[in-house]
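Chemist: Counting in our numbering, the sequence shown runs from 7 upward without gaps.
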Amino acid sequence: MIRIRNLTKVYTSASGTVKALDGINLDIEKGDIFGIIGLSGAGKSTLLRCINLLEKPTSGSIEIDGVEMTGLSPKELKEMRKKIGMIFQHFNLLSSRTVWGNVAFPLEIAGFDRKTINEKVENLLNLVGLSDKAKSFPSQLSGGQKQRVGIARALACDPKVLLCDEATSALDPETTFSILKLLKDINEKLGITMVVVTHEMNVIKQICNKVAVIEKSRVVEQGTTFEIFSRP
Ligand code: ADP
Ligand code: ADP
7 MIRIRNLTKV
17 YTSASGTVKA
27 LDGINLDIEK
37 GDIFGIIGLS
47 GAGKSTLLRC
57 INLLEKPTSG
67 SIEIDGVEMT
77 GLSPKELKEM
87 RKKIGMIFQH
97 FNLLSSRTVW
107 GNVAFPLEIA
117 GFDRKTINEK
127 VENLLNLVGL
137 SDKAKSFPSQ
147 LSGGQKQRVG
157 IARALACDPK
167 VLLCDEATSA
177 LDPETTFSIL
187 KLLKDINEKL
197 GITMVVVTHE
207 MNVIKQICNK
217 VAVIEKSRVV
227 EQGTTFEIFS
237 RP
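1. Which value, in whole angstroms, describes the spacing of the CA atoms of L100 and V109?
2. Could you spell out the range, first to last residue, of the alpha helix (DSSP H) harbouring I198?
3. Using only the alpha-carbon positions, how far apart do D138 and I123 sit?
4. Just list the alpha helix (DSSP H) runs in the segment 172-223, keeping only unbroken ones of 4 residues or longer that don't cross its boundaries, in chain order.
5. Pick helix, strand or coil for E227, following the three-state DSSP scheme.
6. Quick test of the definition: if touching needs 3 or more C-beta pairs under 8 angstroms, does the segment 173-185 touch the segment 139-157?
7. Any residues whose CB sits closer than 5 angstroms to a heavy atom of ligand 1? List them in chain order?
8. Compute the Euclidean distance between the alpha carbons of K152 and V203, then round it to the nearest angstrom.
9. In whole angstroms, give me the CA-to-CA distance for I30 and M7.
10. Which first and last residues belong to the alpha helix (DSSP H) in which F111 is found?
Printed below as a string of structure tokens:
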């Protein structure tokens with residue numbers, strides 16, 4: 007589903023250059039919950055943001071569902087981005103919109119008609135267990151509820167891939183457990199491939215079937231979660 011070859015990202019700024027990714031190779035298969043773990047500054051977030059071209063790779067190849075992502079026209083990229091949902095550590099909800107309005111937002115941008123939007127939002131809120139909060143604003147929700155809105159919004163356009171950037175790092179252990187369980191249920195129910203960036207081993211152990219360990223801009227280990235964590 008996602009094939010990354012020799013991916014390199016160099017940031018250039020006034021203070022110099024940083025090689026955030028150095029020759030990354032990854033194969034993520036359809037239906038995987040693929041964990042990317044490493045210390046702060048290792049390059050995890052950059053890698054995730056390169057997958058949907060929020061960051062432009064310096065060199066290398068990223069293929070998603072058979073389509074090479076580097077070198078797409080803006081129009082083609084917009085189409086491909088519909089296949090890729092993303093959730094964030096700090097949820098990134100629109101504070102002026104209700105729960106309903108946040109989930110409807112990507113559907114409005116995509117140009118769906120009102121009836122389809124209503125149906126889809128209702129189904130999505132049901133899926134994440136927030137039907138009774140449709141009229142609430144983000145400031146009236148707990149962290150876990152905010153992330154449920156983030157998940158519903160990310161799934162709105164029926165993506166094939168969901169990118170999760172430290173999605174539970176701002177949550178307490180109990181809430182983390184329930185959000186991870188929701189992600190696993192969605193993976194099983196809808197078959198969506200997930201890429202989960204985290205610095206927490208427990209997140210990997212709870213939901214990821216495969217994992218890559220990133221250290222100083224490089225993948226240093228890659229395999230099934232069982233293989234990687236049962237090595238002496
Ligand atoms: P992680 O997600 O593992 O914490 P990041 O991908 O955020 O790592 O960062 C990897 C490296 O790239 C770090 O050295 C970081 O300081 C640098 N970096 C990240 N984003 C930028 C940016 N926009 N400009 C310059 N350097 C950056
Ligand atoms: P958690 O169980 O994640 O710690 P909170 O203690 O933040 O959740 O919230 C518990 C309940 O109170 C939730 O159902 C949430 O919707 C509601 N709630 C939290 N903050 C507010 C608020 N500012 N206004 C209205 N309801 C709120």
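Think of the CB as a built atom: it goes at the ideal place given N, C-alpha and C, for glycine as much as any other residue.
Modeler: In this structure, then:
1. What you label residue 100 is simply residue 94 of the sequence shown in a count that begins at 1. What you label residue 109 is simply residue 103 of the sequence shown in a count that begins at 1. Distance from the CA of L100 to the CA of V109, rounded to the nearest whole angstrom, comes to 10 angstroms.
2. Within the sequence shown, residue 198 is the residue found at index 192, counting from 1. Segment: none, I198 is in no alpha helix (DSSP H) and carries neither H nor E.
3. Within the sequence shown, the letter at position 132 stands for residue 138. Within the sequence shown, the letter at position 117 stands for residue 123. Whole-angstrom Cα-Cα distance: 18 angstroms.
4. Scanning the segment 172-223 from its first residue to its last, the whole alpha helix (DSSP H) runs of 4-plus residues come out as 179-196 and 207-213.
5. One-based indexing of the sequence shown puts residue 227 at position 221. Annotated three-state conformation of E227 is strand, per DSSP.
6. By the C-beta criterion, the segment 173-185 is judged to be in contact with the segment 139-157, since at least 3 inter-stretch pairs fall below 8 angstroms.
7. Qualifying residues come out as Y17, V24, A26, S46, G47, A48, G49, K50, S51 and T52.
8. Your numbering for residue 152 matches position 146 in the sequence shown. Your numbering for residue 203 matches position 197 in the sequence shown. Straight-line spacing of the CA atoms in K152 and V203 works out to 19 angstroms.
9. Mapped onto the sequence shown, residue 30 falls at position 24. Mapped onto the sequence shown, residue 7 falls at position 1. Going from the Cα of I30 to the Cα of M7 covers about 16 angstroms.
10. Mapped onto the sequence shown, residue 111 falls at position 105. That run of the alpha helix (DSSP H) goes V105 to A116.
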